[in-house]
Every structure is written in structure tokens, then in C-alpha cells.
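First comes the structure, then the notes that go with it.
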Amino acid sequence: MKKSLLLVLMLSLSAFLFACNSESGGDGEEKESASGENTVKLDFWVFGATNYESLAKEYEENNPNVEINVKRSELGDHHNSLFTSISAGTGAPDLAMIEVDQLDRYREAQERFVNLYDLGAEEVQDQYLDWKWNMAEGKDGEFLFGLPTDIGPKAMYFHTDVFENAGLPTDPDKVSEMISNPDEFADAAQQVLDETGKPMVDSMEIAFRANMDALKESYFNREGELLIGNEGNEVKDAYDYAVKLHEKGYVGKFDMWTPEWANALNKGEFAVEMAPAWLKGYMTENAPDGSGKWRVTTLPSEFAGNWGGSYVAIPAETEHEEEAYKFSKWLLSPENQLKSFTESGLFPSAPSVYEMEEFVNNSDEYFGGQNTAKYFAEAAKEIPEVYKGPKYVTVNNEILTALKNVQEGADPEKEWKDAVKRIEGLVNR
């Protein structure tokens, strides 16, 4: 009887431990839900201001067998951690955002990501802008790194008080008609300077990006060759244009993200900001005195470009690629891109959103009740597909350093040549 009792106790204990292990998931990846289905836990790494946490909760409510852990980091830290983890082959999340300027950095590690074409991503391709989709493909067009999130179509923010004091129109459509090419932009800048004493643009970076963001190939070609030292390179043209604006007095010394720049936005210390849709959120929070005094219109077509935006990729390390893809497809659907636009200001990469009632009737109180979205939507359709290269950020920083030195009095040609020399050394390391 003692042996029988002991056997019963051992069997009961085993059953209890098995039940506990099923509930906890053991390794933390899966657990058995009340319905008897295994719960999949997905780690999702994000950066910036998104509404992805709230959307993840909504997805969980409709998919009780899925749990999504959203981890938010600063842009630089996010990409460094992601690159480290995929290089080591351990510690990567199930899903990760990748910013467009960083995307080519990961092309050299293509095997570390799931090819979304293998999961059937072509079924949703027609939902997105062609240029945005194509930028996420591998060299041969047979590999897809991620699904499109937001984009950064550029438009022209202008301060109505500065324009009015300079004798320029303040109606967005009339401004667009008046400033339709780079020469007319320079003419308006001269008028602003003559009548108000203020610069047209805030910084050398913005003057440079006016042309730079519209280039199909900038520092590298798709074969990975450095172009910047070649005769007739278009980056040099963008550099020279920024130098020209500076020499005429059209460029201020308000570097983006500095307190001085935020104050200049707030007080209208320069006339124009050439920037993407995501700047609206920053202005609303950090330049309250500018409320009602800024408007948005289209840029000259030569300046039409994209600045920012991301993709959601699936590292190959995941054990749940099907579930991760299903979630990302839902997260980035046109309907949810509309939610991300209205809740967090993420500009949609799905053009069908531009026809949705809530988008068409959108108004921005900060911008005097103007529907700024329509101007960014117009710009989005004109953006070229661009290739940036794996060391884009590093190389771009060297050019910005050269331009800053020019603004401080250095010789433009010497600074250009020195920057090219530094860049060649960095790339050939």
C-alpha cells in the first residue's frame, strides 16, 4: 500500500509540473492558453514616435494566442543593437524597424533576414508606392527585406509673417506658383533678405539636402562603387548649391535639433524649412509660439525627395516567421497606416490612404487649420527610387562637416577635396 501511495503521489506531482510548464511556456517563447492553443510571443524593436504599442495591443485582443513585446530605443542605439545581434546570430528580435538611411547597411547581411517574398509578400505589393517597395528589394529583385511603414515626403514650410513682411504671398498655392524652380527660390530668398534681414533657410544641411534628397544615386552606385570623387558627381552640385546660397546670405546658423533652432522655429527667425511631414509633430510640441504662423506648400520639383521612413523586417533568427509576417502585414495595412497617421503623424506609404475621408478632410490647427497632408501626398507620388549605400550616414556626416566649416569661413573647394579624401579612407578601410 505504501508503494502504491508513493506511485500515486509521484504521478500527481508529474502531472502538476507538466501543467505548470505548459502554462509558463518553459523557455518563455510559447505557453498554452486557456483555449489549449500555444501562445506565440513576438519581440518587436521600434524607434521614434509611433503608435505601434497601441496597435500591438489591438492585435493581441483579436489574436489571443499572440503576445507582442514592443521595445523602443533611440534611432542610433536601435540600429547598433540590431546590427550587433544579427552579426552575432543571437539576441535578435522577431521583428524590427529599419530606417531607410540604414537599410543598405543590412544588405550585406541579407542572409540574416527572412525573405518576405518567401512568405507571400507579393500579395500586398500593390498596396504601396512603387518606389518605397522597390527600395526594400535585394540587388536581384528576388529578396524583400521588409514591408513599408511610413515615408518622409518633403514639402516647404514657410512662416507667413516673414513672407508678408517681405512682400511675398502667404496663400500656399500662390507660394507654390511663385517658387516653382531653384532660381525662383533664390529670388524669393533675396527678397526676404532685403526686406526683413532674415535668412531664407535655417542651416547648411537643409540647403544641401534641397538637392541631395532627390538624387537617385548619391554617394554610391548599386555595385557599391564610391561615386563622390568622380567628375560631374551630382553630390558636388548639391554641395555647390548650398555654398552659393550661403555666400548670398540666404542660410542661417540654426542647426537642426539644437535649442537655437527650436527657438528660431518658435520665433520665425528664418523664412522656410524644407522638411518632411514628420517635422509637424516636433513643431507642435517645441515651437508653440509658431502656432498659426506656419503653412505648408509644395517644393520646386527639383527639390522633391524623401527624408526618413522605415520598414519592418524579420530577422532570420526568429522561430515564428509566419506569425511575425502576419502581424507586420496587419500592422502596415492601409487601414492601420491611416491610424498611425492620425495618431502619431506617420505619413502613409500606402497611397490608397490619400483617398480616405479622414485623410482628405484632415486639418492641422497648428498650421491655421490647413490640410497640409495633401501637399505631402502630392510630393510622395513624385519621389524617385534612390540608392544610398551601406555607409551613407558616415559619408554624409563628412560632407555636412565640410559645409559647416565653409559657413565658418573655410575655402569651399579645399573643404570638398579634404572631405572626399577622408571619405575614401573611411570606405576603403
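Residue numbers (mature numbering (1 follows the signal peptide of the UniProt record, and there is no 0)): -19 to -1, 1 to 410.
Positions of the beta carbon are idealized from the N, C-alpha and C atoms, including for glycine.
Problem set entry | Residue range of the beta strand (DSSP E) that includes F28 | As a working note, residue 28 is residue 47 in the sequence shown. It spans N19 to F28 - the beta strand (DSSP E) in which F28 sits, taken as one unbroken run.
Problem set entry | Pairwise C-alpha distance: K372 and N386 | Translated into positions along the sequence shown, residue 386 becomes position 405. Translated into positions along the sequence shown, residue 372 becomes position 391. Cα to Cα, N386 sits roughly 22 Å from K372.
Exercise. Which residue from P240, E303 and N378 puts its Cα closest to that of L100?
Worked result: Residue mapping note: residue 100 aligns to position 119 of the sequence shown, counting from 1. Of the residues P240, E303 and N378, the one whose Cα lies closest to the Cα of L100 is E303.
Problem set entry | For F328 and A256, believed in contact at Cβ under 8 Å, the rounded distance | Residue mapping note: residue 256 aligns to position 275 of the sequence shown, counting from 1. Residue mapping note: residue 328 aligns to position 347 of the sequence shown, counting from 1. F328 and A256 do not touch by the CB rule: their CB atoms are close to 12 Å apart, not below 8 Å.
Exercise. According to the neighbour-count rule (16 or more other Cβ atoms, all chains shown, within 10 Å of its Cβ), is A69 buried or exposed?
Worked result: Here residue 69 refers to the residue found at position 88 of the sequence shown. Of the other Cβ atoms in all chains shown, fewer than 16 fall within 10 Å of the Cβ of A69; this residue is therefore exposed.
Problem set entry | Range of the contiguous beta strand (DSSP E) that encloses V51 | Locating residue 51 in the sequence shown gives position 70, counting from the first residue. Per DSSP, V51 belongs to the beta strand (DSSP E) from V47 to S54.
Problem set entry | Rounded distance between the beta-carbons of A169 and M159, thought under 8 Å | By one-based count along the sequence shown, residue 159 stands at place 178. By one-based count along the sequence shown, residue 169 stands at place 188. With a Cβ gap of about 7 Å, M159 and A169 count as contacting.
Problem set entry | DSSP three-state assignment for S157, whether helix, strand or coil | Position 176 of the sequence shown holds residue 157. The answer is helix: DSSP assigns S157 an H, G or I state.
Exercise. What distance in whole Å lies between the Cβ atoms of Y87 and F126, which are believed to be in contact at a cut-off of 8 Å?
Worked result: The residue you call residue 126 lines up with position 145 of the sequence shown. The residue you call residue 87 lines up with position 106 of the sequence shown. For F126 against Y87, the beta-carbon gap comes to about 7 Å, under 8 Å, which counts as contact.
For this session: Would you mind reading off the limits of the beta strand (DSSP E) that contains L128?
Result: For the purposes of this step, residue 128 is identified with residue 147 of the sequence shown, where counting begins at 1. Going by DSSP, L128 is part of the beta strand (DSSP E) stretching over G127 to H140.
Problem set entry | Beta carbon of M185 nearer than 8 Å to that of V173 | Along the sequence shown, one-based indexing puts residue 185 at 204. Along the sequence shown, one-based indexing puts residue 173 at 192. Going by C-beta atoms, M185 is not nearer than 8 Å to V173.
Problem set entry | A30 beta carbon less than 8 Å from that of S325 | Counted from its first residue, the sequence shown places residue 325 at position 344. Counted from its first residue, the sequence shown places residue 30 at position 49. Contact: yes.
Problem set entry | Closer than 7 Å: I67 CB and nearest the ligand MN heavy atom | The model depicted lacks the ligand MN and carries no ligand whatsoever.
Exercise. According to DSSP, which residues form a beta bridge with V277?
Worked result: By 1-based counting over the sequence shown, the position of residue 277 is 296. Secondary-structure assignment with DSSP links V277 through a beta bridge to Y138.
Exercise. Among D175, K22 and D75, which residue has its Cα nearest to the Cα of A297?
Worked result: Within the sequence shown, the letter at position 316 stands for residue 297. Checked all of D175, K22 and D75; the closest Cα to A297 is D75.
Exercise. From the DSSP output, which residues share a beta bridge with A256?
Worked result: Numbered from 1 along the sequence shown, position 275 holds the residue referred to as residue 256. BP columns for A256 point to A136.
Exercise. Taking DSSP as the reference, what is the three-state secondary structure of residue 411?
Worked result: With the chain covering only -19 through 410, there is no way to say anything about residue 411.
Exercise. Bridge partners of D345, per DSSP?
Worked result: Working through the sequence shown from its first residue, we reach residue 345 at position 364. Q351.
Problem set entry | For Y373, the first and last residue of its enclosing alpha helix (DSSP H) | Reading the sequence shown from its first residue, position 392 is the one you call residue 373. Taken as a continuous stretch (DSSP letters only), the alpha helix (DSSP H) holding Y373 covers Y373 to Q388.
Exercise. Since G286 and A195 are thought to touch, with beta carbons under 8 Å apart, how far apart are those beta carbons, to the nearest angstrom?
Worked result: Position 305 of the sequence shown, counted from the first residue, corresponds to residue 286. Position 214 of the sequence shown, counted from the first residue, corresponds to residue 195. Yes, they are in contact, since the Cβ atoms of G286 and A195 sit about 4 Å apart, within 8 Å.
For this session: Could you check the C-alpha separation between P269 and T130 for me, to the nearest Å?
Result: By 1-based counting over the sequence shown, the position of residue 269 is 288. By 1-based counting over the sequence shown, the position of residue 130 is 149. Their backbone Cα atoms lie some 28 Å apart in a straight line.
Problem set entry | Cα-Cα separation, I67 to L84 | Numbered from its first residue, the sequence shown carries residue 67 at position 86. Numbered from its first residue, the sequence shown carries residue 84 at position 103. Roughly 14 Å between the two C-alpha positions.
For this session: Return the residue from the list F348, Y347, Q318 and K225 that minimises the CA-CA distance to F340.
Result: Along the sequence shown, one-based indexing puts residue 340 at 359. That would be Q318, whose Cα lies nearest to the Cα of F340.
For this session: Provide the residue span of the beta strand (DSSP E) that contains V401, from first to last.
Result: The residue labelled residue 401 in the question sits at position 420 within the sequence shown. Note, V401: premise wrong, no beta strand (DSSP E); alpha helix (DSSP H) at P393 to V408.
Problem set entry | Reference E135, options A391, A400 and T353, closest by Cα | By 1-based counting over the sequence shown, the position of residue 135 is 154. In the sequence as displayed, the identity of residue 135 is Lys instead of Glu. Selected option, being the one with the closest Cα: T353.
For this session: Can you give me the start and stop residues for the alpha helix (DSSP H) that N44 sits inside?
Result: Against the sequence shown, residue 44 aligns to sequence position 63. It is not in any alpha helix (DSSP H) - N44 carries neither H nor E in the DSSP assignment.
Exercise. Who are the Cβ neighbours of S272 in its own chain at under 6 Å, not counting the five residues just before and after it?
Worked result: As a first step, residue 272 is located in the sequence shown; it is residue number 291 there, counting from the start. Closer than 6 Å at the Cβ level, and outside the excluded window around S272, lie Y347.
Exercise. Three or more C-beta pairs closer than 8 Å, one from the stretch 303 to 313 and one from the stretch 215 to 224: is that the case here?
Worked result: Segments in contact, no.
For this session: Determine contact between the stretch 102 to 112 and the stretch 235 to 254, defined as no fewer than three beta-carbon pairs at a distance below 8 Å.
Result: For the pair of segments examined, the stretch 102 to 112 was found not to touch the stretch 235 to 254: the number of CB pairs separated by less than 8 Å stays below three.
For this session: State the Cα-Cα distance for the pair N192 and E215, rounded to the nearest angstrom.
Result: Here residue 192 is taken as the residue at index 211 of the sequence shown, counted from 1. Here residue 215 is taken as the residue at index 234 of the sequence shown, counted from 1. Looking at the backbone, the Cα of N192 and that of E215 are separated by about 9 Å.
For this session: Within 10 angstroms of the Cβ of N342, are there 16 or more other Cβ atoms? Answer buried if so, exposed if not.
Result: Position 361 of the sequence shown, counted from the first residue, corresponds to residue 342. Exposed: under 16 other Cβ atoms inside 10 Å.
Exercise. So, helix, strand or coil for P329, using DSSP?
Worked result: Residue mapping note: residue 329 aligns to position 348 of the sequence shown, counting from 1. Three-state result, P329: strand.
Exercise. Distance, Cα to Cα, N19 vs N44?
Worked result: Locating residue 19 in the sequence shown gives position 38, where the first residue counts as 1. Locating residue 44 in the sequence shown gives position 63, where the first residue counts as 1. Pairing N19 with N44, the inter-Cα distance amounts to about 12 Å.
Exercise. Does DSSP put G57 in a helix, a strand or coil?
Worked result: Indexing the sequence shown from 1 puts residue 57 at position 76. Here G57 carries a helix assignment [DSSP, helix/strand/coil].
Exercise. Roughly how many whole angstroms lie between the Cα atoms of K22 and E405?
Worked result: Along the sequence shown, read from residue 1 onward, the residue named residue 22 stands at position 41. Along the sequence shown, read from residue 1 onward, the residue named residue 405 stands at position 424. K22 and E405 have their C-alpha atoms spaced approximately 44 Å apart.
Exercise. Hey, V51 and Y40: beta-carbon distance below 8 Å or not?
Worked result: Translated into positions along the sequence shown, residue 51 becomes position 70. Translated into positions along the sequence shown, residue 40 becomes position 59. 8 Å or more divides the Cβ of V51 from the Cβ of Y40.
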